[in-house]
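Novice: With mature numbering (1 follows the signal peptide of the UniProt record, and there is no 0) as the guide, the letters of the sequence shown map in order to residues -24 to -1, 1 to 323.
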Amino acid sequence: MKKKVATIATAAILSSAFASTAFADTYTVKKGDTLSHIARNYSTTVSNLKNLNGLKSDLIYPNQKLTVSKTTEAKPSTPAPSTPSTTTTTGTSTYTIKSGDTLSAIASKHKVSVANLKSWNKLTSDLIFPGQKLSVSDPAKGSTSTPAPAPSAPQAPTTTAPSNGTASTYKIQSGDTLGKIAQKHNMTVAQLKALNNLSSDLIYAGKTLKVSGQATSSEPAKEVASSTSSDQLIKDAKALLGTPYAWGGSSPKGFDCSGFIYYVYNKSGKGLARTSAEGYFSRSYYVDKAQPGDLVFFENTYKKGISHVGIYLGNNEFIHAGNDAVEISSLNNSYYKKHFDSFKRFY
């Protein structure tokens, strides 16, 4: 994390509404830039920027040159608007969820209430997934309308049926929460945690949970509880203490704050894509009471908005890639207290 704001130079746009050809503009990446920030400045999308520059991820580096517009035939007419993500069917409109969407944002966009959205789509919680389709108008008002499909997890669940009275198990999928798993198997979160000896709500994709039966003294639970997983995550993180800071770094040779998160969580089996602190912020949900292994976010450090992230250790401490190296800091520190934003947890 760097505390000084890097000055972002504004690229000049050379275009003419009636010229025969519109030349492609280039932009030199500055320290602190993100694809979403550059896309907003040039009135384009992150997807377009990645396509124009052949990028496979959101990772960019200072001094990297990016093409920010295509070389195309210019026309005096206004270009056709892009296809909206809201589709109108017979009597019912549907909306395809994008990364970073929330029910409240979708409800506001379509001038409906969150309660209506949940009712129309039979949602029992505020949890939604990218790619999921939602009805954004009342399906009952269209006699031939087709309601949006009920929400489902990104992947089909894996449940092992019980044999000779033993407990059945469920393999955790990316995007799962204890609440969602408990609801799927007609049980409470408290029952699920008790059955698996869980001391927190932190779970990881690929781990296995019992979803029926009883743990007995003669047969210890074979699954790795989330507390054990978080202990291992923290152990892996602490093993990197003293690793030097490196802008864009995501290996033990050097880390920046998001690269540190990427490396530690992937080592623990989370399977994260490499992105920025802001990117991880959009892929996680708020928690009121942080548990060890949760994320802690900070804003307005070296740039405006979410700009730094670390891993919460408990006792008001967190581990992160600091100015010079991976270190443990206190949330009581006046600087971090001033810039603290929230505790969050990966979906």
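The beta-carbon is built from N, C-alpha and C at its ideal position, and this holds for glycine as well. Quantities reported herein were computed from a predicted structural model and do not represent experimental measurements.
If you draw a straight line from the C-alpha of residue 206 to the C-alpha of residue 239, how long is it?
Specialist: One C-alpha to the other measures close to 15 Å.
Novice: Take every Cβ of the region 151 to 169, pair it with every Cβ of the region 223 to 233, and state whether three or more of those distances are shorter than 8 Å.
Specialist: Too few Cβ pairs lie closer than 8 Å, so no.
Novice: Can you tell which of 308, 300, 282, 305 has the C-alpha that lies nearest to the C-alpha of residue 320?
Specialist: That would be 282, whose Cα lies nearest to the Cα of residue 320.
Novice: Per DSSP, which residues does residue 286 bridge with? Please list them.
Specialist: Residue 286 is bridged to 272.
Novice: Mind checking whether residue 70 and residue 41 have CB atoms under 7 Å apart?
Specialist: The answer is no: Cβ separation not under 7 Å.
Novice: Under the three-state reduction of DSSP, which class applies to residue 25: helix, strand or coil?
Specialist: Helix.
Novice: Does DSSP classify residue 230 as helix, strand or coil?
Specialist: Looking at residue 230 - three-state DSSP - the assignment turns out to be strand.
Novice: Comparing C-alpha positions only, which one of 314, 296, 262 sits nearest to residue 222?
Specialist: The shortest C-alpha separation from residue 222 is found at 296.
Novice: Examine the Cβ distances between the region 295 to 309 and the region 245 to 257 and report whether three or more of them are shorter than 8 Å.
Specialist: The region 295 to 309 vs the region 245 to 257: no contact.
Novice: Does DSSP put residue 294 in a helix, in a strand, or in coil?
Specialist: DSSP places residue 294 in strand when its eight states are reduced to three.
Novice: Please work out which residues of its chain come closer than 7 Å, Cβ to Cβ, to residue 227, disregarding the five sequence neighbours upstream and downstream, and give them in chain order.
Specialist: 239, listed in sequence order.
Novice: Just verifying my parser: in three-state terms, what is the DSSP assignment at residue 77?
Specialist: Correct three-state label for residue 77: coil.
Novice: When DSSP labels each residue in this structure, what does residue 38 get in the three-state scheme?
Specialist: Of the three classes helix, strand and coil, the one that applies to residue 38 here is coil, per DSSP.
Novice: Whose C-beta lies closer than 7 Å to the C-beta of residue 89 among residues of the same chain, with five residues either side of it excluded?
Specialist: Contacts found: 83.
Novice: Can you name, in chain order, every residue of its own chain whose Cβ lies under 7 Å from the Cβ of residue 323, other than the five neighbours on each side?
Specialist: Closer than 7 Å at Cβ, skipping near neighbours: 151, 259, 260, 261.
Novice: Taking DSSP as the reference, what is the three-state secondary structure of residue 106?
Specialist: Coil at residue 106, not helix or strand.
Novice: In the DSSP output, which residue or residues are listed as bridge partners for residue 303?
Specialist: According to DSSP, residue 303 bridges with 296.
Novice: If we ignore side chains and look at the alpha-carbon of each, how far apart do residue 210 and residue 116 end up?
Specialist: Spanning the two alpha carbons is a distance of roughly 50 Å.
Novice: Is DSSP giving residue 16 helix, strand or coil here?
Specialist: Of the three classes helix, strand and coil, the one that applies to residue 16 here is helix, per DSSP.
Novice: Buried or exposed: residue 217, going by 16 or more other Cβ atoms within 10 Å of its Cβ?
Specialist: Classification for residue 217: exposed.
Novice: Across which residues does DSSP place residue 260 in a beta bridge pair?
Specialist: Per DSSP, 322.
Novice: Hey, how far is the Cα of residue 4 from the Cα of residue 237?
Specialist: Rounded to whole angstroms, residue 4 to residue 237 spans 26 Å at the Cα level.
Novice: Could you check which residue in 243, 39, 10 has the C-alpha nearest to that of residue 26?
Specialist: Of the candidates 243, 39, 10, the one whose C-alpha sits nearest the C-alpha of residue 26 is 10.
Novice: Could one say the Cβ of residue 255 lies closer than 7 Å to chain D's Cβ atoms, at least one of them?
Specialist: Chain labels in this structure do not include chain D; a single protein chain is all it has.
Novice: Is it right to say residue 251 is buried, meaning 16 or more other beta carbons lie within 10 angstroms of its own, or is it exposed?
Specialist: So residue 251 ends up on the buried side.
Novice: Is the CB-CB distance between residue 245 and residue 182 below 7 Å?
Specialist: In contact: residue 245 and residue 182 (Cβ atoms closer than 7 Å).
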